[in-house]
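Plus 23 on top of the position in the sequence shown (first one is 1) and you've got our numbering. A virtual CB, placed ideally from N, CA and C, is assigned to each residue, including glycine. As the structure is a computational prediction, the values presented were derived from the model and not from experiment. One structure is given here, and the rest of the page talks about it.
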Amino acid sequence: MRLSRYIILTVLTSVLGSSCNTPPNMPNFGKKRSDNQKPQTEDPNDPSDPEAPVVDPAQQAAGVDKVFAEESAECDGKPASSGRKSLRLLTKAEYANTVRDILKLTRDPTGSLPAESPLNGFLNNVEINKVSADHYSGYMDIGIAIADETKSKLQTLVGCTEDAGESCANKVIDTLGTKLFRRPVAAAEKTLLIGTYKKGFAVSPREGMTLLIASLLTSPPFLYRSEIGDSAGKLDSYEIAAALSYFFWGTSPDDALAALAASGKLTTESVMAAEALRLWKDPRSRFVTDQFAHGWLENQSILSTSKDASLTATFTPDIQKAMLAEAEDTFDYLIKQADATFESLYSSDFTIGSPALAAYYGGQSMTEGTVNKIKFPGQSRKGLLTLGAIMASHARPDESHPIKRGDFLLQKMLCFVPPPTPKGLVVVVPPKDPSKTTRERFAAHSTSPACAGCHIKMDGIGFGVEDYDTLGRFRSMENGKMVDASGTMVDV
24 MRLSRYIILT
34 VLTSVLGSSC
44 NTPPNMPNFG
54 KKRSDNQKPQ
64 TEDPNDPSDP
74 EAPVVDPAQQ
84 AAGVDKVFAE
94 ESAECDGKPA
104 SSGRKSLRLL
114 TKAEYANTVR
124 DILKLTRDPT
134 GSLPAESPLN
144 GFLNNVEINK
154 VSADHYSGYM
164 DIGIAIADET
174 KSKLQTLVGC
184 TEDAGESCAN
194 KVIDTLGTKL
204 FRRPVAAAEK
214 TLLIGTYKKG
224 FAVSPREGMT
234 LLIASLLTSP
244 PFLYRSEIGD
254 SAGKLDSYEI
264 AAALSYFFWG
274 TSPDDALAAL
284 AASGKLTTES
294 VMAAEALRLW
304 KDPRSRFVTD
314 QFAHGWLENQ
324 SILSTSKDAS
334 LTATFTPDIQ
344 KAMLAEAEDT
354 FDYLIKQADA
364 TFESLYSSDF
374 TIGSPALAAY
384 YGGQSMTEGT
394 VNKIKFPGQS
404 RKGLLTLGAI
414 MASHARPDES
424 HPIKRGDFLL
434 QKMLCFVPPP
444 TPKGLVVVVP
454 PKDPSKTTRE
464 RFAAHSTSPA
474 CAGCHIKMDG
484 IGFGVEDYDT
494 LGRFRSMENG
504 KMVDASGTMV
514 DV
């Protein structure tokens, strides 16, 4: 075993696992959360699949309940109480962005890390994403590999080379360490890091520098973002800087934000607000809009969506990529308009997409300024709900699927989680019938006594987008009949 890996394993086992596997308490806003309430890690069950994992609707609704709680600190004007604090593990995307920006790494090194566990589509839940045994090995291998690459750039990054010995090690800690830790390196931490460096240096200057950089990259202050604050739960300026930067850009603070953190001015509300606006207006804020859209709209699922062999000549990988880009670009464009409203997300009569995708939809492609818009004359396509990525991914390989679409819209747009399919109840998708529309076949779920309780809600909404076929294209006819795309909302 390479010396660097052996020492890092010792550090990780004794420090990272013991101190950070169970995060401390984080601030609590609104209703109290019981200590024994476990976060739900399973994806919502497919309503047409009786073997799908069971989801507790009460758990998924807990977040919504907390936001709208009568005793919420946001609503009653009282100061928020200090409850749970957190050390938030960097996501794979945040890790990759951070080493790209600080160490000028030109590749994504996170392939060997375990995938994050999503909660309702989002990847950064502090209670779910913790360091596992697989993380140990992955962080070690990644840290050593990045350290080996970084040594050749030290002259550019910190103005010295490994041959300068301990003086260069100090520069690495003071410069790169401060950026990686998102705060100044404490004296005790520096002593430990120099001690680690000397262990490697005893073998060779090269091994010493590898060990130092790899140790920085496997240290808890790098892998975890601190949201601990003081005894009252108030974050310090460095924690605020990191919170802003990782929220908007998914990476470490830039020089301007870091300077404000060092000055202490960032704890002033007006300065904080000004910085938030600056980061939002920067093109790098595309990170937050893409990440939110991926979690909320599940639009990345379009890339893994399969269709019947008879349709693959039309539904190509290029079209799937164009649909994802359309979903991302449209959300980013709409939410950043000066006159943007919540309603405009659902009522806009255009999307941002390529000419090829416009032709696929039967729409009109036109360039306005720096963007290419798709208009849909003669179609009822409006806003995010009818994006091709959503309609095509929530469908069967050869036809639309009102249940899947209704379930998606209920959960993602109305925060209503249908109860799991009762044990022993087998949900059978009606066989295809060339004399009937999809709606006519699926309507049985809404009338069957065993299914009506849930399906009258799901199907009623899902039927409202029946004018979009399995490929996400608008249609007015199916099997020689006019498509009935009227929808209903029942007890939601």
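Buried/exposed call for residue i, threshold 16 Cβ in 10 Å
i, result
"D99", "Unreliable placement is indicated for D99, whose pLDDT of 48 sits below 50; the coordinate value is still reported in the next sentence. Burial call: exposed."
"Q343", "buried"
"D278", "exposed"
"Q178", "exposed"
"M389", "exposed"
"D492", "buried"
"E321", "buried"
"R130", "exposed"
"Q434", "buried"
"V451", "exposed"
"V226", "exposed"
"P132", "buried"
"F365", "exposed"
"V449", "exposed"
"L437", "exposed"
"M414", "buried"
"M232", "buried"
"D430", "buried"
"A381", "buried"
"K202", "buried"
"M6", "What the structure shows of the chain is the stretch from 24 to 515, and residue 6 is not part of that stretch, so it cannot be assessed."
Identity of the residues DSSP links to residue i by a beta bridge
i, result
"Q387", "K398"
"E501", "K504"
"L142", "F145"
"S423", "A418"
"Y159", "Y159 pairs with nothing; no bridge assigned."
"Y247", "L112"
First through last residue of the alpha helix (DSSP H) which encompasses residue i
i, result
"Y369", "S367 to S370"
"L216", "A210 to F224"
"S190", "E189 to K194"
"K202", "T201 to F204"
"I342", "P340 to I358"
"T179", "L177 to V181"
Within 8 Å, strictly: CB atoms of residue i and residue j
i, j, result
"S275", "T121", "yes"
"E185", "R123", "no"
"A299", "A281", "no"
"I325", "L347", "yes"
"N502", "S458", "yes"
"V149", "S109", "yes"
"R111", "Y247", "yes"
"G406", "Y369", "yes"
"D490", "F497", "yes"
"G273", "E117", "yes"
"I426", "D482", "yes"
"A192", "I217", "yes"
"S254", "A284", "no"
"L128", "K115", "no"
"S509", "F486", "yes"
"A379", "A345", "yes"
"E349", "G376", "yes"
"D331", "P420", "yes"
"T337", "L240", "no"
"S293", "L302", "no"
"C477", "P441", "yes"
"D372", "K398", "yes"
Extent of the continuous beta strand (DSSP E) run through residue i
i, result
"T374", "F373 to I375"
"L240", "Not the beta strand (DSSP E): L240 falls in the alpha helix (DSSP H), residues P228 to L240."
Cutoff 8 Å: residue i Cβ touching any chain C Cβ
i, result
"G385", "Of the chains in the structure shown, none is chain C; there is only one protein chain."
Requested in this report: May I have a chain-ordered list of the beta strand (DSSP E) segments no shorter than 3 residues that lie completely inside the region 251-315?
Outcome: none
**Report entry** Sequence ranges, alpha helix (DSSP H) only - wholly within the region 427-501, length at least 4
**Finding:** 461-465, 467-470 and 475-485
Query raised in the report: Where in the region 103-131 do unbroken runs of the beta strand (DSSP E), each at least 3 residues long, occur, reported from the N-terminal end onward?
Result: 109-112, all fully within the region 103-131.
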